[in-house]
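All remarks here apply to the structure that follows.
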Amino acid sequence: MLYALLCYNDEDVVWNWDKKQDDEVMARLAVVRERLERTGKMGPSLRLLPTTAATTFRKSDPPLVIDGPFAETKEQLLGFYILDVTHLEEALQIARDLGEANPGGAYEIRPLAVYNPGGGAFTPGAVPAEVS
Amino acid sequence: MTDPAWINAAITAARPQAVGALLRYFRDLDTAEEAFQDACLRALNNWPKNGPPRDPAAWLIMVGRNAALDGVRKRSRQTELPPEEVLSDLDDAETRVADRIDARDYRDDVLRLLFICCHPDLPPTQQIALALRIVSGLSVRQIARAFLVSEAAMEQRITRAKRLVAAGDAEFETPGPAERAERLAAVMAMLYLVFNEGYSAADNPDRAELCAEAIRLTRLLLRLYQTEPEVMGLLALMLVQHARTPARFDAEGEVVLLDDQDRRLWDREMIAEGLALIDKAMRHRRPGAYQVQAAIAALHARAATPAETDWLQIDRLYATLERLTPSPVVTLNRAVAVSKTAGAQAALEMVAPLAERLAGYFHFHGLVGALNLELGRSEAARTAFDKAIALANTPAEAAHIRQHLDRLQSEHARGPV
């Protein structure tokens, strides 16, 4: 059973961490992540940059390009993990472990309908060098 | 269980909004600050026991306001100070306050705070000190250390600034659109000054923190002006420059020039955020000085090696910057790009008319020296480097010029080639 574990928190708080604090949280999360990756229960995970860097494309007619995130909320989507577990209970246990490593905010555990792992020509970070 | 680091981060994040709202209630900076301090003390006591509130800013505003009002009441001997336990059951009240603090209040409160710090009558040094104290919440000692002055002198600077701001009551009204644009420009200028204070001394940790603080406050400003391309440009400029920090100094603390930096040390996350912002800003087709400078920094950031730098585009951007903010220093920078595209001779011709105005500018003589060196004119290069070394602002700058002079010296010793 595939789940997305969506990480919500107040980005004002998270992006207020100093480098040391950020590194410590990331190191604690890495311990949990690497353990789960070894068991094959965790797939890709990623972290999003602040919503001030976001652009929203409204599929209206004509389409509208708006500066900023889709929704102005108190807590923002800051990243996610892809989990492969047998029961929801297992996903909740993972949420508990991650939450202990990084308190504050909430995780939304949402089943996945389609999962395309990508591959082929997709190499993250390769594009910017070519664009220049 | 609530982690103290989390509490500190939550308080720092909530500070501009909370102090801004308290200022709206009390119309006095000192009262607002004291009320906030009071609320923070209670938060440190209360949150670890009762868990963090869902909306820390709303909690701090309400508790701060009550504490300040209690203070007034206590002084007038009308009622007793309520027991601490009363504060632990705030949930319902907190939600109501949070509902009332709508997006517009938030925006106005934080803007008012920033605008007050950038009061047109305050000199830039006082604007910076006030903003770091009031908006960022840095201690007087931290600010004094960052600006290399005594704590007493900094305390005095902040007190003087507060007194001047308090004298003008009109400050507490929300300014009109025209004045807003002016004040926004002043806030951006102040933030860029804070950043540059940190950037110019990134080898000193007390001062380097100013870069991170400037970035944090500019993100906050962009949240208030989501569609303002110059704010995007300013944040992008800071991010892309700050991203180079790990590569800017060698093990001995000497400056490493852009061309010689190990680009693998650049912070890719910051660069990605900066590039996204500059792309967003460009879509508005309303160029400004911060956007153009950010675009120049972005072209350097996009080049995997110095040889891949798009100097032609950089030359064009400097030409735009010359139009937007004409200055001999901008022309000098443009000449560097010209030396890469059209050669050292063309660049020398471009900077020749600046000689008088930049006679006392280290980088002018440094560039003239380097260009002459490239053209094989050792004597002219030596003369320029000698002038540069006499004008060096830091030991690192002097050491860099010294290297050139030493090389000239050893080439001379070997005889003409």
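Residue numbers (numbering that gives the first Met the number 0), protein chains in the order written: chain A, 0 to 131; chain B, 0 to 416.
Ideal placement from N, C-alpha and C gives every residue a C-beta, glycine not left out.
These numbers were taken from a predicted model, which means no experiment stands behind them.
| query | Cβ of ALA211/B within 8 Å of Cβ of ASP17/A? | reply | yes
| Which runs of the beta strand (DSSP E) spanning at least 3 residues fall entirely within the segment 284 to 369 of chain B, listed in chain order? | none
| query | Who are the Cβ neighbours of GLN36/B in its own chain at under 6 Å, not counting the five residues just before and after it? | reply | none
| Which residues in chain B sit within 9 Å of LYS58/A, going by Cβ to Cβ distance? | Result: empty, since nearest Cβ-Cβ is about 18 Å, beyond 9 Å.
| field | Nearest to ALA303/B (by Cα), restricted to the options LEU257/B, GLU251/B, GLU348/B | value | LEU257/B
| query | Taking one C-beta from the segment 224 to 241 of chain B and one from the segment 279 to 292 of chain B each time, how about it: are there three or more such pairs within less than 8 Å? | reply | yes
| message | Per the DSSP calculation, SER377/B is bridged to which residue(s)? | response | According to DSSP, which records beta bridges pairwise, SER377/B is partnered with nothing at all.
| field | Cβ-based contacts, 8 Å cut-off: residues of the segment 220 to 232 of chain B near chain A | value | LEU221, ARG222, GLN225, THR226, MET231
| task | May I ask you to report which of helix, strand or coil DSSP gives PHE224/B? | result | According to the sequence displayed, residue 224/B carries Tyr and not Phe. Three-state DSSP puts TYR224/B in coil, outside helix and strand.
| Can you tell me the Cα-Cα spacing of THR217/B and ILE270/B, whole angstroms? | 16 Å
| CA-to-CA distance, LYS58/A to LEU238/B, given in whole angstroms | 31 Å
| field | ASP9/A beta carbon less than 8 Å from that of GLY104/A | value | yes
| query | Taking the beta strand (DSSP E) that TYR7/A falls in, what are its first and last residues? | reply | 1 to 8
| Whole-number beta carbon distance between MET41/A and LEU82/A, since they are thought to touch under 8 Å | 6 Å
| If we cut at 8 Å on Cβ distances, does ALA358/B have a partner in chain A? | no
| request: Taking 8 Å as the cut-off, decide whether the C-beta atoms of ARG64/B and TYR24/B are in contact. | output: yes
| Cβ of THR431/B within 8 Å of Cβ of MET349/B? | Residue 431/B lies beyond the stretch modelled for chain B, which goes from 0 to 416, so this question has no answer here.
| request: Mind checking the segment 71 to 87 of chain A against chain B and listing, in chain order, the residues whose C-beta falls within less than 8 Å of any C-beta there? | output: GLU71, LYS73
| Is the CB of ASP66/A under 8 Å away from at least one CB in chain B? | yes
| When you compare only the Cα positions, how much space is there between GLN155/B and LEU163/B? | 12 Å
| said: I need the boundaries of the alpha helix (DSSP H) containing GLN36/B, first residue and last residue. | reply: 28 to 49
| said: Please report the straight-line C-alpha distance between ARG406/B and ASP107/B, rounded to a whole angstrom. | reply: 59 Å
| Tell me, which residues are paired with THR55/A by DSSP? | ILE65/A
| query | Is GLU208/B helix, strand or coil by DSSP? | reply | helix
| Measuring CB to CB, does ALA94/A end up less than 8 Å from ILE108/A? | yes
| field | Buried or exposed (CB count within 10 angstroms, at least 16 for buried), GLN126/B | value | buried
| task | For chain A, find out if any of its Cβ atoms is closer than 8 Å to the Cβ of GLU348/B; answer yes or no. | result | no
| query | Do LEU21/B and ILE60/B have their CB atoms nearer than 8 Å? | reply | yes
| task | Assess, as a yes-or-no matter, whether the segment 45 to 56 of chain A is touched by the segment 66 to 85 of chain A under the definition of 3 or more beta carbon pairs within less than 8 Å. | result | yes
| message | Check whether the segment 147 to 154 of chain B and the segment 217 to 226 of chain B touch, using three or more Cβ-Cβ pairs below 8 Å as the test. | response | no
| query | What does GLY78/A pair with, by DSSP beta-bridge criteria? | reply | CYS6/A, ARG46/A
| Contacts around ALA280/B, its chain only, beta-carbon distance under 6 Å, and the 5 residues preceding and following it disregarded | PRO228, MET231, GLY232, GLN290
| said: Just checking: is the beta-carbon of THR244/B within a distance shorter than 8 Å of some beta-carbon in chain D? | reply: The chain inventory of the structure shown lacks chain D, comprising the protein chains A and B.
| query | With THR244/B and ASN15/A assumed to form a contact (beta carbons below 8 Å), what rounded beta-carbon distance in angstroms separates them? | reply | No, THR244/B and ASN15/A are not in contact; Cβ-Cβ is about 19 Å, not under 8 Å.
| task | Just grab the DSSP bridge partners of GLU107/A for me. | result | LEU5/A
| Short check: CB of LEU4/A to CB of TYR106/A, under 8 Å? | yes
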